[in-house]
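A short worksheet on the structure shown next.
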Amino acid sequence: MASGCTQCETLPNATPWTLVRCHRLMKSNEAPNSIELAFMRPVMSKISARLTSIGDERARLKARLDHLDAEQADLSEYQTLHAPIVAPIRRIPPEVLNEIFSWTLPSIHELKGNVSDLGQPWRRICVSNPSFWSLVVATYRSFQAREHPSRAMIQTQVQRARNLQIHFFGAEDEAAHTQAQVKLFKILSTHSARWVELNITLTKALAPHVAALRGRLPVLRKIWTHWDSEYDIDFSANAADPLGSCFQTAPSLVDAGGQWHDIPMRFPAHQLTAYRAESPWWMHEGVLNTATNLVEARICTDSASEQVPPASHDTQVITMPHLRRLVVNRSSMLGYLRAPVLSEIGFVVEKEDPRPDLDAFVTRSSCAPWRLYLEGLPGADITEDILRKRASIASLRLVFTLSDDTPFEDSDLSDAVVAHLTMLTHGTAPPVSPNLTEISLGAQLSFPIDYPLFLKMLESRRNPRYALRSAAFLTGYWGPDPDPVTAERLALLGKTELSLLVESGRDAGNRMEVWSGASPSAWS
1 MASGCTQCET LPNATPWTLV RCHRLMKSNE APNSIELAFM RPVMSKISAR LTSIGDERAR
61 LKARLDHLDA EQADLSEYQT LHAPIVAPIR RIPPEVLNEI FSWTLPSIHE LKGNVSDLGQ
121 PWRRICVSNP SFWSLVVATY RSFQAREHPS RAMIQTQVQR ARNLQIHFFG AEDEAAHTQA
181 QVKLFKILST HSARWVELNI TLTKALAPHV AALRGRLPVL RKIWTHWDSE YDIDFSANAA
241 DPLGSCFQTA PSLVDAGGQW HDIPMRFPAH QLTAYRAESP WWMHEGVLNT ATNLVEARIC
301 TDSASEQVPP ASHDTQVITM PHLRRLVVNR SSMLGYLRAP VLSEIGFVVE KEDPRPDLDA
361 FVTRSSCAPW RLYLEGLPGA DITEDILRKR ASIASLRLVF TLSDDTPFED SDLSDAVVAH
421 LTMLTHGTAP PVSPNLTEIS LGAQLSFPID YPLFLKMLES RRNPRYALRS AAFLTGYWGP
481 DPDPVTAERL ALLGKTELSL LVESGRDAGN RMEVWSGASP SAWS
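Per the UniProt record's numbering, the very first residue in the sequence shown carries number 1; after that it's consecutive.
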(Lines of atoms letter the chains of each structure in order from A and count residues from 1; the text may use other names and numbers.)
(Lines give C-alpha, C1' and ligand atoms only; values in the text may rest on other atoms or scores of the structure.)
Protein backbone atom coordinates (compact mmCIF):
# COMPACT_ATOMS: atom_id res chain seq x y z
CA MET A 1 0.00 0.00 0.00
CA ALA A 2 2.72 2.35 0.89
CA SER A 3 4.26 1.77 -2.54
CA GLY A 4 0.94 2.70 -4.19
CA CYS A 5 0.78 5.96 -2.28
CA THR A 6 4.33 6.68 -3.33
CA GLN A 7 3.35 6.16 -6.94
CA CYS A 8 0.41 8.59 -6.50
CA GLU A 9 2.68 11.23 -5.04
CA THR A 10 4.93 11.09 -8.09
CA LEU A 11 2.14 11.91 -10.58
CA PRO A 12 2.34 15.42 -12.07
CA ASN A 13 -1.36 16.27 -11.34
CA ALA A 14 -1.31 15.03 -7.74
CA THR A 15 -2.70 17.59 -5.27
CA PRO A 16 -3.05 17.45 -1.48
CA TRP A 17 -6.79 16.84 -1.87
CA THR A 18 -6.35 13.90 -4.29
CA LEU A 19 -3.74 12.35 -2.05
CA VAL A 20 -6.00 12.62 1.01
CA ARG A 21 -8.88 11.17 -1.00
CA CYS A 22 -6.67 8.27 -2.21
CA HIS A 23 -5.77 7.38 1.37
CA ARG A 24 -9.45 7.49 2.41
CA LEU A 25 -10.50 5.17 -0.42
CA MET A 26 -7.80 2.65 0.54
CA LYS A 27 -9.26 2.47 4.06
CA SER A 28 -12.92 2.09 2.98
CA ASN A 29 -15.20 0.36 0.47
CA GLU A 30 -16.43 3.56 -1.17
CA ALA A 31 -16.72 3.62 -4.96
CA PRO A 32 -14.45 6.21 -6.63
CA ASN A 33 -16.08 8.92 -8.76
CA SER A 34 -15.04 9.70 -12.32
CA ILE A 35 -12.41 12.24 -11.27
CA GLU A 36 -10.87 9.79 -8.84
CA LEU A 37 -10.89 7.00 -11.44
CA ALA A 38 -9.16 9.30 -13.93
CA PHE A 39 -6.53 9.91 -11.27
CA MET A 40 -6.01 6.24 -10.25
CA ARG A 41 -5.98 4.52 -13.66
CA PRO A 42 -2.56 6.00 -14.72
CA VAL A 43 -1.16 5.03 -11.34
CA MET A 44 -2.29 1.41 -11.67
CA SER A 45 -1.06 1.27 -15.27
CA LYS A 46 2.36 2.48 -14.20
CA ILE A 47 2.54 -0.08 -11.38
CA SER A 48 1.51 -2.92 -13.71
CA ALA A 49 4.19 -1.94 -16.20
CA ARG A 50 6.82 -1.84 -13.47
CA LEU A 51 5.77 -5.24 -12.06
CA THR A 52 6.02 -6.72 -15.55
CA SER A 53 9.48 -5.19 -15.97
CA ILE A 54 10.61 -6.57 -12.61
CA GLY A 55 9.30 -10.03 -13.50
CA ASP A 56 11.14 -9.98 -16.79
CA GLU A 57 14.38 -8.85 -15.08
CA ARG A 58 14.10 -11.59 -12.48
CA ALA A 59 13.55 -14.21 -15.18
CA ARG A 60 16.58 -12.91 -17.09
CA LEU A 61 18.75 -12.91 -13.94
CA LYS A 62 17.59 -16.39 -12.96
CA ALA A 63 18.47 -17.69 -16.40
CA ARG A 64 21.89 -16.02 -16.10
CA LEU A 65 22.38 -17.47 -12.61
CA ASP A 66 21.44 -20.96 -13.84
CA HIS A 67 23.93 -20.57 -16.68
CA LEU A 68 26.67 -19.44 -14.25
CA ASP A 69 25.92 -22.37 -11.92
CA ALA A 70 26.24 -24.81 -14.78
CA GLU A 71 29.43 -23.17 -16.03
CA GLN A 72 30.88 -23.23 -12.50
CA ALA A 73 30.19 -26.95 -12.16
CA ASP A 74 31.77 -27.69 -15.54
CA LEU A 75 34.87 -25.59 -14.84
CA SER A 76 35.29 -27.09 -11.36
CA GLU A 77 35.25 -30.58 -12.79
CA TYR A 78 37.72 -29.57 -15.51
CA GLN A 79 40.00 -27.96 -12.93
CA THR A 80 39.98 -31.06 -10.73
CA LEU A 81 40.92 -33.26 -13.65
CA HIS A 82 43.57 -31.03 -15.21
CA ALA A 83 45.10 -29.01 -12.35
CA PRO A 84 47.89 -31.58 -11.75
CA ILE A 85 49.20 -30.85 -15.24
CA VAL A 86 50.16 -27.28 -14.27
CA ALA A 87 50.87 -27.93 -10.58
CA PRO A 88 54.01 -26.08 -9.36
CA ILE A 89 55.55 -29.34 -8.13
CA ARG A 90 55.87 -30.45 -11.77
CA ARG A 91 58.15 -27.48 -12.41
CA ILE A 92 60.41 -28.06 -9.38
CA PRO A 93 63.90 -29.00 -10.60
CA PRO A 94 64.66 -32.69 -9.98
CA GLU A 95 67.55 -31.75 -7.67
CA VAL A 96 65.20 -29.81 -5.36
CA LEU A 97 62.61 -32.58 -5.43
CA ASN A 98 65.28 -35.13 -4.56
CA GLU A 99 66.50 -33.02 -1.64
CA ILE A 100 62.95 -32.68 -0.24
CA PHE A 101 62.36 -36.42 -0.46
CA SER A 102 65.74 -37.25 1.07
CA TRP A 103 64.72 -35.41 4.25
CA THR A 104 61.87 -37.90 4.68
CA LEU A 105 64.31 -40.80 4.89
CA PRO A 106 65.24 -42.10 8.36
CA SER A 107 68.45 -40.93 9.98
CA ILE A 108 71.33 -43.20 10.89
CA HIS A 109 70.14 -43.11 14.51
CA GLU A 110 66.67 -44.29 13.49
CA LEU A 111 67.93 -47.06 11.23
CA LYS A 112 70.06 -48.73 13.93
CA GLY A 113 71.45 -51.05 11.31
CA ASN A 114 68.20 -52.27 9.83
CA VAL A 115 67.26 -51.79 6.21
CA SER A 116 64.51 -49.22 6.18
CA ASP A 117 61.19 -49.89 4.53
CA LEU A 118 60.81 -46.81 2.36
CA GLY A 119 57.19 -47.60 1.59
CA GLN A 120 55.38 -46.80 -1.60
CA PRO A 121 55.24 -42.96 -1.85
CA TRP A 122 57.18 -41.63 -4.77
CA ARG A 123 58.44 -45.14 -5.42
CA ARG A 124 59.32 -44.48 -9.05
CA ILE A 125 61.33 -41.38 -8.16
CA CYS A 126 63.01 -43.16 -5.29
CA VAL A 127 64.05 -46.20 -7.32
CA SER A 128 65.34 -44.11 -10.21
CA ASN A 129 67.35 -41.66 -8.07
CA PRO A 130 70.77 -43.02 -7.03
CA SER A 131 71.23 -40.53 -4.18
CA PHE A 132 68.35 -42.06 -2.21
CA TRP A 133 70.24 -45.35 -2.01
CA SER A 134 73.67 -44.02 -1.08
CA LEU A 135 73.39 -44.60 2.69
CA VAL A 136 74.20 -48.24 3.50
CA VAL A 137 73.94 -49.25 7.17
CA ALA A 138 74.83 -52.70 8.49
CA THR A 139 75.32 -53.56 12.14
CA TYR A 140 76.11 -56.69 14.05
CA ARG A 141 76.04 -55.10 17.48
CA SER A 142 73.39 -57.01 19.38
CA PHE A 143 72.16 -54.03 21.37
CA GLN A 144 71.33 -52.19 18.15
CA ALA A 145 70.24 -54.73 15.57
CA ARG A 146 66.92 -56.52 15.81
CA GLU A 147 68.06 -58.71 12.95
CA HIS A 148 71.22 -58.91 10.90
CA PRO A 149 71.22 -57.09 7.58
CA SER A 150 70.01 -58.82 4.44
CA ARG A 151 72.84 -59.22 1.94
CA ALA A 152 70.35 -59.44 -0.92
CA MET A 153 68.70 -56.16 0.02
CA ILE A 154 72.03 -54.38 0.46
CA GLN A 155 73.21 -55.68 -2.92
CA THR A 156 70.06 -54.25 -4.52
CA GLN A 157 70.65 -50.95 -2.74
CA VAL A 158 74.29 -50.80 -3.87
CA GLN A 159 73.27 -51.47 -7.48
CA ARG A 160 70.84 -48.53 -7.41
CA ALA A 161 73.27 -46.09 -5.80
CA ARG A 162 75.93 -44.02 -7.51
CA ASN A 163 78.16 -42.98 -4.58
CA LEU A 164 78.06 -44.89 -1.30
CA GLN A 165 78.11 -43.85 2.35
CA ILE A 166 79.07 -47.02 4.23
CA HIS A 167 78.22 -47.38 7.93
CA PHE A 168 79.39 -50.83 9.01
CA PHE A 169 79.32 -51.74 12.70
CA GLY A 170 81.17 -54.97 13.36
CA ALA A 171 81.16 -56.74 16.71
CA GLU A 172 83.75 -58.97 18.38
CA ASP A 173 81.13 -60.44 20.75
CA GLU A 174 79.08 -61.72 17.79
CA ALA A 175 81.50 -64.58 17.10
CA ALA A 176 78.77 -66.75 15.61
CA HIS A 177 78.27 -64.08 12.94
CA THR A 178 81.93 -63.35 12.19
CA GLN A 179 81.70 -65.10 8.83
CA ALA A 180 78.54 -63.20 7.92
CA GLN A 181 80.23 -59.89 8.80
CA VAL A 182 83.21 -60.66 6.62
CA LYS A 183 81.06 -61.84 3.68
CA LEU A 184 78.97 -58.67 3.67
CA PHE A 185 82.01 -56.42 4.00
CA LYS A 186 83.69 -58.20 1.07
CA ILE A 187 80.54 -57.60 -1.03
CA LEU A 188 80.65 -53.92 -0.20
CA SER A 189 84.40 -53.81 -0.84
CA THR A 190 83.88 -54.74 -4.49
CA HIS A 191 82.25 -51.31 -4.82
CA SER A 192 84.91 -49.38 -2.84
CA ALA A 193 85.64 -47.20 -5.88
CA ARG A 194 82.28 -45.51 -5.17
CA TRP A 195 82.70 -45.05 -1.42
CA VAL A 196 82.59 -41.39 -0.39
CA GLU A 197 82.21 -42.03 3.35
CA LEU A 198 83.14 -44.86 5.69
CA ASN A 199 82.06 -45.16 9.33
CA ILE A 200 83.26 -48.52 10.62
CA THR A 201 83.52 -50.41 13.89
CA LEU A 202 86.55 -52.61 13.36
CA THR A 203 87.14 -56.15 14.56
CA LYS A 204 90.13 -58.48 14.32
CA ALA A 205 88.38 -60.46 11.56
CA LEU A 206 87.54 -57.33 9.52
CA ALA A 207 90.99 -55.71 9.79
CA PRO A 208 92.74 -57.61 6.95
CA HIS A 209 89.84 -56.94 4.58
CA VAL A 210 90.00 -53.24 5.37
CA ALA A 211 93.76 -53.31 4.80
CA ALA A 212 93.09 -54.83 1.36
CA LEU A 213 91.37 -51.57 0.34
CA ARG A 214 94.70 -49.78 -0.08
CA GLY A 215 94.70 -48.03 -3.47
CA ARG A 216 91.00 -48.77 -4.03
CA LEU A 217 89.36 -45.67 -2.46
CA PRO A 218 89.60 -42.96 -5.14
CA VAL A 219 86.62 -40.82 -4.03
CA LEU A 220 86.58 -41.46 -0.26
CA ARG A 221 86.22 -38.10 1.50
CA LYS A 222 85.37 -38.99 5.11
CA ILE A 223 86.35 -41.77 7.50
CA TRP A 224 85.33 -42.50 11.08
CA THR A 225 86.87 -45.59 12.62
CA HIS A 226 87.06 -47.23 16.02
CA TRP A 227 87.73 -50.71 17.34
CA ASP A 228 84.99 -52.72 18.95
CA SER A 229 87.60 -53.92 21.45
CA GLU A 230 91.11 -52.53 21.56
CA TYR A 231 92.20 -55.00 24.23
CA ASP A 232 93.65 -58.50 23.83
CA ILE A 233 93.70 -58.30 20.02
CA ASP A 234 96.65 -60.16 18.52
CA PHE A 235 97.51 -58.76 15.11
CA SER A 236 100.75 -60.78 14.94
CA ALA A 237 103.00 -59.38 12.20
CA ASN A 238 100.68 -56.47 11.49
CA ALA A 239 100.51 -55.22 15.08
CA ALA A 240 102.25 -51.93 14.21
CA ASP A 241 99.82 -51.18 11.38
CA PRO A 242 96.83 -53.59 11.40
CA LEU A 243 95.06 -51.71 8.60
CA GLY A 244 98.08 -51.64 6.31
CA SER A 245 97.92 -47.84 5.90
CA CYS A 246 94.94 -48.43 3.60
CA PHE A 247 93.74 -44.83 3.90
CA GLN A 248 97.17 -43.34 3.26
CA THR A 249 96.62 -43.53 -0.50
CA ALA A 250 93.05 -42.12 -0.54
CA PRO A 251 93.50 -39.06 -2.78
CA SER A 252 90.19 -37.37 -1.91
CA LEU A 253 90.23 -37.84 1.87
CA VAL A 254 89.63 -34.54 3.72
CA ASP A 255 87.82 -35.56 6.92
CA ALA A 256 89.12 -38.14 9.42
CA GLY A 257 88.07 -39.09 12.91
CA GLY A 258 87.45 -41.85 15.39
CA GLN A 259 88.59 -43.50 18.59
CA TRP A 260 91.98 -45.07 17.98
CA HIS A 261 93.51 -45.68 21.42
CA ASP A 262 97.04 -47.08 20.97
CA ILE A 263 96.36 -48.67 17.59
CA PRO A 264 97.95 -46.58 14.80
CA MET A 265 95.75 -44.95 12.18
CA ARG A 266 97.50 -43.52 9.13
CA PHE A 267 96.09 -41.22 6.46
CA PRO A 268 97.30 -38.27 4.32
CA ALA A 269 97.12 -35.64 7.07
CA HIS A 270 98.25 -32.84 4.73
CA GLN A 271 94.93 -33.20 2.83
CA LEU A 272 92.65 -32.95 5.85
CA THR A 273 90.35 -30.02 6.50
CA ALA A 274 88.52 -31.72 9.42
CA TYR A 275 89.97 -33.91 12.16
CA ARG A 276 88.08 -35.34 15.17
CA ALA A 277 89.82 -38.03 17.14
CA GLU A 278 90.24 -39.59 20.56
CA SER A 279 93.71 -41.04 20.95
CA PRO A 280 96.95 -40.58 22.91
CA TRP A 281 98.53 -37.15 22.64
CA TRP A 282 101.61 -38.49 20.81
CA MET A 283 99.35 -39.66 17.97
CA HIS A 284 97.68 -36.25 17.76
CA GLU A 285 101.08 -34.56 17.53
CA GLY A 286 102.03 -36.78 14.61
CA VAL A 287 98.89 -35.73 12.72
CA LEU A 288 98.95 -32.03 13.59
CA ASN A 289 102.57 -31.59 12.52
CA THR A 290 101.57 -32.18 8.90
CA ALA A 291 97.83 -31.32 8.89
CA THR A 292 98.41 -27.66 8.02
CA ASN A 293 95.16 -27.34 6.05
CA LEU A 294 92.85 -28.10 8.96
CA VAL A 295 89.80 -25.86 9.37
CA GLU A 296 88.06 -27.83 12.14
CA ALA A 297 89.49 -30.06 14.85
CA ARG A 298 88.38 -31.86 18.00
CA ILE A 299 91.40 -33.25 19.85
CA CYS A 300 90.78 -35.46 22.87
CA THR A 301 92.94 -37.91 24.78
CA ASP A 302 91.39 -41.34 25.17
CA SER A 303 91.78 -41.54 28.93
CA ALA A 304 90.68 -39.15 31.63
CA SER A 305 93.89 -39.93 33.47
CA GLU A 306 96.24 -39.15 30.57
CA GLN A 307 98.01 -35.85 31.08
CA VAL A 308 99.44 -33.70 28.32
CA PRO A 309 102.69 -32.24 29.62
CA PRO A 310 102.75 -28.44 29.67
CA ALA A 311 104.69 -26.85 26.84
CA SER A 312 108.09 -25.42 27.75
CA HIS A 313 110.00 -22.46 26.38
CA ASP A 314 111.77 -24.70 23.84
CA THR A 315 108.60 -26.49 22.67
CA GLN A 316 108.21 -26.40 18.89
CA VAL A 317 104.84 -24.73 18.33
CA ILE A 318 102.64 -26.12 15.54
CA THR A 319 101.12 -23.36 13.43
CA MET A 320 97.66 -24.07 12.01
CA PRO A 321 97.17 -21.23 9.49
CA HIS A 322 93.60 -22.14 8.48
CA LEU A 323 92.17 -23.51 11.74
CA ARG A 324 88.88 -21.82 12.67
CA ARG A 325 87.16 -24.26 15.08
CA LEU A 326 88.97 -26.12 17.83
CA VAL A 327 87.77 -28.28 20.76
CA VAL A 328 90.22 -29.88 23.22
CA ASN A 329 89.87 -31.85 26.45
CA ARG A 330 93.22 -30.77 27.82
CA SER A 331 93.92 -27.04 27.87
CA SER A 332 97.66 -27.85 28.03
CA MET A 333 97.37 -28.88 24.35
CA LEU A 334 97.00 -25.21 23.49
CA GLY A 335 100.61 -24.66 24.52
CA TYR A 336 101.69 -26.63 21.44
CA LEU A 337 99.47 -24.79 18.96
CA ARG A 338 99.16 -21.46 17.22
CA ALA A 339 96.01 -20.59 15.24
CA PRO A 340 95.95 -16.98 13.96
CA VAL A 341 92.46 -17.13 12.36
CA LEU A 342 90.71 -19.16 15.08
CA SER A 343 87.11 -18.00 15.60
CA GLU A 344 85.60 -20.80 17.76
CA ILE A 345 87.25 -22.38 20.81
CA GLY A 346 85.88 -25.21 22.95
CA PHE A 347 86.89 -27.27 25.98
CA VAL A 348 85.78 -30.62 27.33
CA VAL A 349 86.15 -29.81 31.02
CA GLU A 350 87.54 -32.75 32.97
CA LYS A 351 88.06 -33.09 36.73
CA GLU A 352 91.79 -33.44 36.11
CA ASP A 353 91.85 -30.24 34.02
CA PRO A 354 89.10 -28.06 35.46
CA ARG A 355 90.20 -24.54 34.47
CA PRO A 356 90.99 -23.92 30.79
CA ASP A 357 93.57 -21.21 30.24
CA LEU A 358 93.22 -19.24 27.02
CA ASP A 359 95.46 -16.30 27.73
CA ALA A 360 98.82 -17.55 26.46
CA PHE A 361 97.26 -19.25 23.42
CA VAL A 362 95.31 -16.14 22.37
CA THR A 363 98.38 -13.93 22.83
CA ARG A 364 100.59 -16.32 20.83
CA SER A 365 98.00 -16.71 18.08
CA SER A 366 96.89 -13.05 17.93
CA CYS A 367 93.34 -14.34 17.45
CA ALA A 368 90.00 -13.12 18.79
CA PRO A 369 87.58 -16.09 19.12
CA TRP A 370 83.92 -15.08 18.94
CA ARG A 371 82.36 -18.38 20.10
CA LEU A 372 83.05 -20.31 23.32
CA TYR A 373 81.95 -23.95 23.67
CA LEU A 374 82.18 -25.77 27.02
CA GLU A 375 81.31 -29.44 27.55
CA GLY A 376 81.29 -31.41 30.80
CA LEU A 377 80.48 -29.89 34.16
CA PRO A 378 82.27 -26.53 34.18
CA GLY A 379 81.91 -24.27 37.17
CA ALA A 380 80.05 -21.03 36.56
CA ASP A 381 83.08 -19.17 37.92
CA ILE A 382 85.24 -20.73 35.16
CA THR A 383 82.81 -19.66 32.46
CA GLU A 384 82.48 -16.17 33.92
CA ASP A 385 86.26 -15.76 34.11
CA ILE A 386 86.68 -16.64 30.42
CA LEU A 387 83.82 -14.37 29.33
CA ARG A 388 85.09 -11.38 31.30
CA LYS A 389 88.60 -11.76 29.89
CA ARG A 390 87.52 -12.34 26.29
CA ALA A 391 85.30 -9.44 25.23
CA SER A 392 85.33 -10.74 21.62
CA ILE A 393 83.11 -13.72 22.54
CA ALA A 394 79.58 -13.16 21.23
CA SER A 395 78.32 -16.77 21.26
CA LEU A 396 78.23 -19.12 24.27
CA ARG A 397 77.31 -22.81 24.00
CA LEU A 398 77.28 -25.05 27.07
CA VAL A 399 76.61 -28.80 27.05
CA PHE A 400 76.42 -30.33 30.53
CA THR A 401 77.54 -33.97 30.57
CA LEU A 402 79.11 -36.44 32.96
CA SER A 403 81.44 -39.30 32.10
CA ASP A 404 80.04 -42.81 32.51
CA ASP A 405 82.37 -43.66 35.38
CA THR A 406 81.60 -40.52 37.37
CA PRO A 407 79.09 -40.97 40.21
CA PHE A 408 76.53 -38.18 40.14
CA GLU A 409 73.17 -37.02 41.34
CA ASP A 410 70.53 -35.11 39.41
CA SER A 411 71.37 -32.15 41.60
CA ASP A 412 74.92 -32.00 40.16
CA LEU A 413 73.56 -31.14 36.72
CA SER A 414 70.72 -28.93 37.88
CA ASP A 415 73.03 -27.02 40.25
CA ALA A 416 75.50 -26.37 37.44
CA VAL A 417 72.74 -25.09 35.15
CA VAL A 418 71.26 -22.87 37.87
CA ALA A 419 74.68 -21.42 38.65
CA HIS A 420 75.26 -20.52 35.00
CA LEU A 421 71.79 -19.05 34.49
CA THR A 422 72.22 -16.95 37.63
CA MET A 423 75.64 -15.76 36.48
CA LEU A 424 74.28 -14.81 33.05
CA THR A 425 71.21 -12.98 34.38
CA HIS A 426 71.66 -9.23 34.27
CA GLY A 427 70.96 -7.21 37.35
CA THR A 428 74.35 -7.49 38.94
CA ALA A 429 77.12 -4.95 38.36
CA PRO A 430 79.10 -5.14 36.21
CA PRO A 431 77.08 -7.41 33.86
CA VAL A 432 78.75 -10.49 32.33
CA SER A 433 79.32 -10.19 28.58
CA PRO A 434 76.54 -7.74 27.63
CA ASN A 435 77.56 -8.25 23.98
CA LEU A 436 76.55 -11.92 23.81
CA THR A 437 74.28 -12.47 20.80
CA GLU A 438 73.76 -16.22 21.42
CA ILE A 439 73.32 -18.25 24.62
CA SER A 440 72.65 -21.95 24.08
CA LEU A 441 72.53 -24.59 26.79
CA GLY A 442 72.13 -28.35 26.54
CA ALA A 443 72.26 -31.51 28.63
CA GLN A 444 72.55 -35.07 27.38
CA LEU A 445 70.66 -36.30 30.46
CA SER A 446 67.16 -35.59 31.71
CA PHE A 447 67.04 -33.65 34.98
CA PRO A 448 64.89 -31.02 36.73
CA ILE A 449 65.20 -27.79 34.75
CA ASP A 450 64.59 -24.35 36.21
CA TYR A 451 62.76 -22.93 33.18
CA PRO A 452 61.54 -19.82 35.08
CA LEU A 453 65.18 -18.92 35.76
CA PHE A 454 66.02 -19.52 32.09
CA LEU A 455 63.17 -17.18 31.18
CA LYS A 456 64.36 -14.59 33.68
CA MET A 457 67.85 -14.68 32.19
CA LEU A 458 66.48 -14.21 28.66
CA GLU A 459 64.23 -11.32 29.66
CA SER A 460 67.09 -9.61 31.46
CA ARG A 461 69.07 -9.67 28.20
CA ARG A 462 66.23 -8.39 26.04
CA ASN A 463 66.88 -4.89 27.36
CA PRO A 464 67.69 -2.59 24.40
CA ARG A 465 71.18 -2.13 25.84
CA TYR A 466 72.00 -5.82 25.33
CA ALA A 467 72.57 -7.76 22.14
CA LEU A 468 70.96 -11.20 22.66
CA ARG A 469 69.44 -12.45 19.39
CA SER A 470 69.44 -16.25 19.73
CA ALA A 471 68.90 -18.70 22.61
CA ALA A 472 68.34 -22.44 23.08
CA PHE A 473 67.77 -24.98 25.85
CA LEU A 474 68.18 -28.60 24.74
CA THR A 475 67.92 -31.93 26.57
CA GLY A 476 69.02 -35.15 24.89
CA TYR A 477 66.34 -37.27 26.53
CA TRP A 478 62.66 -36.44 26.76
CA GLY A 479 62.90 -34.10 29.69
CA PRO A 480 60.34 -32.27 31.79
CA ASP A 481 58.47 -29.54 29.92
CA PRO A 482 58.11 -25.99 31.26
CA ASP A 483 55.05 -25.25 33.37
CA PRO A 484 52.14 -23.76 31.34
CA VAL A 485 52.73 -20.16 32.47
CA THR A 486 56.47 -20.26 31.71
CA ALA A 487 55.81 -22.07 28.41
CA GLU A 488 53.40 -19.32 27.33
CA ARG A 489 55.86 -16.59 28.27
CA LEU A 490 58.65 -18.38 26.39
CA ALA A 491 56.38 -18.70 23.36
CA LEU A 492 55.62 -14.98 23.47
CA LEU A 493 59.31 -14.19 23.80
CA GLY A 494 60.02 -16.39 20.80
CA LYS A 495 57.65 -14.26 18.70
CA THR A 496 59.89 -11.24 19.18
CA GLU A 497 63.18 -10.70 17.36
CA LEU A 498 64.73 -13.35 19.63
CA SER A 499 65.26 -16.71 17.90
CA LEU A 500 64.34 -19.21 20.63
CA LEU A 501 64.53 -23.02 20.65
CA VAL A 502 63.42 -25.22 23.58
CA GLU A 503 63.72 -28.87 22.54
CA SER A 504 64.22 -32.35 23.97
CA GLY A 505 64.69 -35.82 22.54
CA ARG A 506 66.79 -37.28 19.74
CA ASP A 507 66.86 -34.18 17.55
CA ALA A 508 68.16 -32.13 20.46
CA GLY A 509 70.85 -34.76 21.14
CA ASN A 510 71.95 -34.71 17.49
CA ARG A 511 72.11 -30.93 17.54
CA MET A 512 74.42 -31.00 20.58
CA GLU A 513 76.71 -33.50 18.84
CA VAL A 514 77.03 -31.07 15.95
CA TRP A 515 77.89 -28.30 18.43
CA SER A 516 80.67 -30.44 19.88
CA GLY A 517 82.07 -31.76 16.61
CA ALA A 518 82.27 -35.19 18.26
CA SER A 519 80.13 -37.33 15.96
CA PRO A 520 80.72 -38.60 12.40
CA SER A 521 77.94 -36.28 11.20
CA ALA A 522 79.41 -33.17 12.80
CA TRP A 523 80.39 -30.25 10.58
CA SER A 524 78.98 -32.00 7.51
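Heads up, the beta-carbon is just placed ideally off N, CA and C, and yes, glycines get one too.
Next on the checklist: According to DSSP, simplified to helix, strand and coil, what is residue 189?
Outcome noted: helix
Next on the checklist: Short of 6 Å in beta carbon distance, which residues of its chain neighbour residue 203, apart from the five on each side in sequence? Order them along the chain.
Outcome noted: 170, 172, 228
Item to check | Which listed residue (420, 168, 326, 261) has its alpha carbon closest to that of residue 148 | outcome: 168
Checklist entry - When DSSP builds the beta bridges, which residues end up paired with residue 222? => result 197, 255
Checklist entry - Between the C-alpha atoms of residue 470 and residue 89, what's the straight-line distance to the nearest angstrom? => result 34 Å
Next on the checklist: Assuming contact is defined by CB atoms lying nearer than 9 Å, are residue 165 and residue 127 in contact in what I supplied?
Outcome noted: Going by C-beta atoms, residue 165 is not nearer than 9 Å to residue 127.
Checklist entry - Are residue 138 and residue 198 close, meaning C-beta to C-beta below 9 Å? => result no
Checklist entry - Helix or strand or just coil, what does DSSP make of residue 285? => result helix
Item to check | residue 350 versus 384, 374, 506, 453, residue with shortest Cα-Cα distance | outcome: The shortest Cα separation from residue 350 among 384, 374, 506, 453 belongs to 374.
Checklist entry - Which residues mark the beginning and the end of the alpha helix (DSSP H) in which residue 386 is found? => result 380-389
Checklist entry - Under a three-way DSSP split, which group does residue 227 fall into? => result strand
Next on the checklist: Using 8 Å as the cut-off, can you tell me whether the region 368-386 makes contact with the region 422-441, which would need three or more C-beta pairs spanning the two stretches below that distance?
Outcome noted: yes
Checklist entry - Could you give the residue range of the alpha helix (DSSP H) that holds residue 488? => result 484-494
Checklist entry - Going by C-alpha distance, which of 342, 507, 294, 472 is nearest residue 440? => result 472
Checklist entry - Taking all protein chains shown into account, do 16 or more other C-beta atoms lie within 10 angstroms of the C-beta of residue 129, making it buried, or fewer, making it exposed? => result buried
Checklist entry - With C-beta atoms as the reference, is residue 530 less than 9 Å away from residue 413? => result Residue 530 is absent from the model: the chain starts at 1 and stops at 524.
Next on the checklist: Can you give me the C-alpha to C-alpha distance between residue 69 and residue 131, rounded to a whole angstrom?
Outcome noted: 49 Å
Next on the checklist: Alpha carbons only, please: which of 518, 214, 393, 270 is nearest the one belonging to residue 468?
Outcome noted: 393
Checklist entry - So which of 289, 310, 306 has the shortest CA-CA distance to residue 321? => result Ranked by Cα distance from residue 321, the options 289, 310, 306 are led by 289.
Next on the checklist: Considering only DSSP beta bridges, list what residue 275 is partnered with.
Outcome noted: 256, 297
Next on the checklist: Quick check: what's the CA-CA separation for residue 100 versus residue 258?
Outcome noted: 30 Å
Checklist entry - Based on the DSSP secondary-structure assignment, which residues constitute the bridge partners of residue 444? => result Paired residues: none, contrary to the question.
Checklist entry - Which of the three DSSP states, helix, strand or coil, is assigned to residue 267? => result coil
Checklist entry - Unbroken beta strand (DSSP E) runs of length 3 or more, entirely within the region 29-106: which are they? => result List check, beta strand (DSSP E) in window: nothing returned.
Item to check | Span separating the alpha-carbon of residue 512 from that of residue 474 | outcome: 8 Å
Item to check | Boundaries (first-last residue) of the alpha helix (DSSP H) holding residue 513 | outcome: 506-516
Item to check | Cβ neighbours of residue 269 in the same chain (closer than 6 Å, five flanking residues each side left out) | outcome: Closer than 6 Å at the Cβ level, and outside the excluded window around residue 269, lie 287, 290, 291.
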